[in-house]
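Note sheet for the following structure.
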Ligand code: SF4
């Protein structure tokens, strides 16, 4: 592994990139380094108002009453989606000092934080007795629904190398009796209850692992999305409702079927790695079954169905530098990826980045993500591309999603 040169500190990066919001830079650094909580910071969390339980497809919190702040908010409303990571070498520490919670580093206060608020529906149960927080987790302003919590690329050992969905699912199935598939009646009732809270949640988000079965590849995944989206849609008077789906790359027939038969308004399929050679190594299942070029073509084709500004694609930023076959330098990675991101923008598709977290249970669990400066350069460049091509990113902005430092920059006009 090449020796890493000295990296700029948070303060140095904030000074150097003074055209970017410092909150966004702090967020990216906390996501790449992760956090731990002091005992008094955990004690300061209040089960009645803070979200201390969450059942997601990549991690769960509070399953056995081991309550824990699910995540953090900064003073300007920026979400930081992060949590303790066993492999983290240098995490930020969340501490509770004189009645307030803070991110601290090396014993010094970096910034004040709030714990995510708990929506009212979290305490309720469906008519079948399912706790509603098992059906839908929540970000500060979004309902998250995972219709299917397993990915069948894992069946043949071809899951994406940064992803832990299979190991997380197997652990939860044994420890917490978690089913792979959500019940559509449970979903209908949970969304109905969630919508009763005024001024809180403003969009509905769905994602799932890939389901490869069906007459044509992904047909069963398409059917499941349609069933769940129709159940959600029963709660709305209009046909369409504010919504996003991150799914496998469906072909035009499958996308048209979902669009026409449900209230879905926007579509995301993640290309994950913006380079065919690295994609083939890091995402072997997607590469073998569909291939990089076809995955990309399908995302571009979705713009004709959903409309410009309603389609984007996520990357797991940083995995392109993983060892041993990743790019040798951050500069090389940025150059190659941004050329590719520009082609997406030319075709009406925004690229949004998630900061790569080497999750336990993934093939890359012991690797190190790149420097903070890398993430800031990438965020600024992706935001600039959107401005150059006049691409709206409201579908994945700081309120609806909150996981992408680059779309946080797009909130400033
Ligand atoms: S397609 Fe890849 S990233 Fe998505 S759930 Fe499956 S293994 Fe994980």
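Numbering (my numbering), first residue to last: 80 to 492.
Don't be surprised by glycine CBs; every beta carbon is placed ideally from N, CA and C.
Since we're looking at a predicted model, the values are computed, not measured.
**Asked** Rounded to whole angstroms, how far is the Cβ of residue 487 from the Cβ of residue 100, which I believe are closer than 8 Å?
**Response** About 7 Å separates the CB atoms of residue 487 and residue 100; that is less than 8 Å, so the two are in contact.
**Item:** residue 263 vs residue 290 beta-carbon contact at 8 Å
**Value:** For residue 263 and residue 290, no; Cβs fall outside 8 Å.
**Prompt:** Helix, strand or coil for residue 506 per DSSP?
**Reply:** As displayed, the chain neither begins before 80 nor continues past 492, which places residue 506 out of reach and without an answer.
**Of the residues 201, 136 and 125, the one placed nearest residue 175, counting alpha carbons only** = Residue 175 has its Cα closest to that of 125, out of 201, 136 and 125.
**Message:** In this structure, how does DSSP classify residue 210 when only helix, strand and coil are distinguished?
**Reply:** Reduced to three states, the DSSP call for residue 210 is strand.
**Asked** Going by beta carbon distance, what residues of the same chain come within less than 8 Å of residue 352, once the five residues before and after it are set aside?
**Response** Taking residue 352 as the centre and dropping the five residues before and after it, the same chain places the C-beta of 358, 361, 362, 394, 395, 398 and 399 closer than 8 Å to its C-beta, in chain order.
**Asked** Alpha carbon to alpha carbon, what distance is there between residue 232 and residue 313?
**Response** Distance between the alpha carbons of residue 313 and residue 232: 32 Å.
**Message:** As a quick exercise: from 221, 253 and 300, pick the residue whose alpha carbon is nearest that of residue 282.
**Reply:** Checked all of 221, 253 and 300; the closest Cα to residue 282 is 221.
**Nearest neighbour of residue 218, chosen from 442, 485, 477 and 166 [CA to CA]** = Here the closest residue by C-alpha is 477.
**Prompt:** Are the Cβ atoms of residue 228 and residue 136 separated by less than 8 Å?
**Reply:** The answer is yes: Cβ separation under 8 Å.
**Item:** Residues near residue 384 by beta carbon distance below 8 Å, same chain, minus five either side
**Value:** Result list for residue 384: 331, 334, 335, 338 and 346, in chain order.
**Prompt:** With which residues is residue 391 paired in a DSSP beta bridge?
**Reply:** Beta-bridge analysis with DSSP links residue 391 to 347 and 429.
**Prompt:** Going straight from the alpha carbon of residue 460 to that of residue 417, what length do you get?
**Reply:** Approximately 7 Å between the Cα atoms of the pair.
**Request:** Can you give me the Cβ contacts of residue 453 inside the same chain, cut-off strictly under 6 Å, excluding the 5 residues immediately before and after it?
**Result:** Hits under 6 Å: 409.
**Request:** Could you check which residue in 113, 278, 287 and 201 has the C-alpha nearest to that of residue 183?
**Result:** Here the closest residue by C-alpha is 113.
**Coarse secondary structure for residue 320, derived from DSSP in three states** = Collapsing the DSSP output to three states places residue 320 in coil.
**Message:** In this structure, how does DSSP classify residue 93 when only helix, strand and coil are distinguished?
**Reply:** In the structure shown, the three-state DSSP call for residue 93 is helix.
**Item:** Short CB-CB distance (under 8 Å) between residue 228 and chain C
**Value:** Protein chains in the displayed structure number just one, and chain C is not present.
**Asked** Just how far apart, CA to CA, sit residue 164 and residue 115?
**Response** The straight-line gap separating the alpha-carbon atoms of residue 164 and residue 115 is approximately 8 Å.
**Asked** What's the call for residue 145, buried or exposed, on a 16-neighbour Cβ count within 10 Å?
**Response** Classification for residue 145: exposed.
**Request:** Please report the residue range of the beta strand (DSSP E) in which residue 215 lies.
**Result:** Looking at the DSSP string, the run of the beta strand (DSSP E) that includes residue 215 is 215-218.
**Message:** Any residue with its C-beta under 5 Å from a non-hydrogen atom of ligand 1 counts. Can you list them all in chain order?
**Reply:** The answer, residue by residue, is 230, 232, 238, 239, 242, 244, 288 and 289.
**One or two residues paired with residue 129 in a DSSP bridge** = DSSP lists 196 as partners of residue 129.
**Request:** Would you mind working out which of 230, 248, 251 and 349 sits nearest residue 299, comparing C-alpha positions?
**Result:** Among 230, 248, 251 and 349, the Cα nearest to that of residue 299 belongs to 230.
**Request:** For residue 253, count neighbouring C-beta atoms within 10 Å of its own C-beta (all shown protein chains included) and say buried if the count is 16 or more, exposed if not.
**Result:** Counting of Cβ neighbours within 10 angstroms places residue 253 among the exposed residues, the total staying below 16.
**Prompt:** To the nearest angstrom, how far is it from the Cα of residue 214 to the Cα of residue 225?
**Reply:** Taking the straight line from one Cα to the other gives about 8 Å.
**Request:** Look at the alpha carbon of residue 455 and the alpha carbon of residue 368, and state the distance between them as a whole number of angstroms.
**Result:** Rounded to whole angstroms, the gap between the alpha carbons of residue 455 and residue 368 is 33 Å.
**Asked** Taking the alpha helix (DSSP H) that residue 368 falls in, what are its first and last residues?
**Response** From DSSP, the alpha helix (DSSP H) with residue 368 extends over 363-368.
**Prompt:** At which residues does the alpha helix (DSSP H) containing residue 112 begin and terminate?
**Reply:** Its alpha helix (DSSP H) spans residues 101-112.
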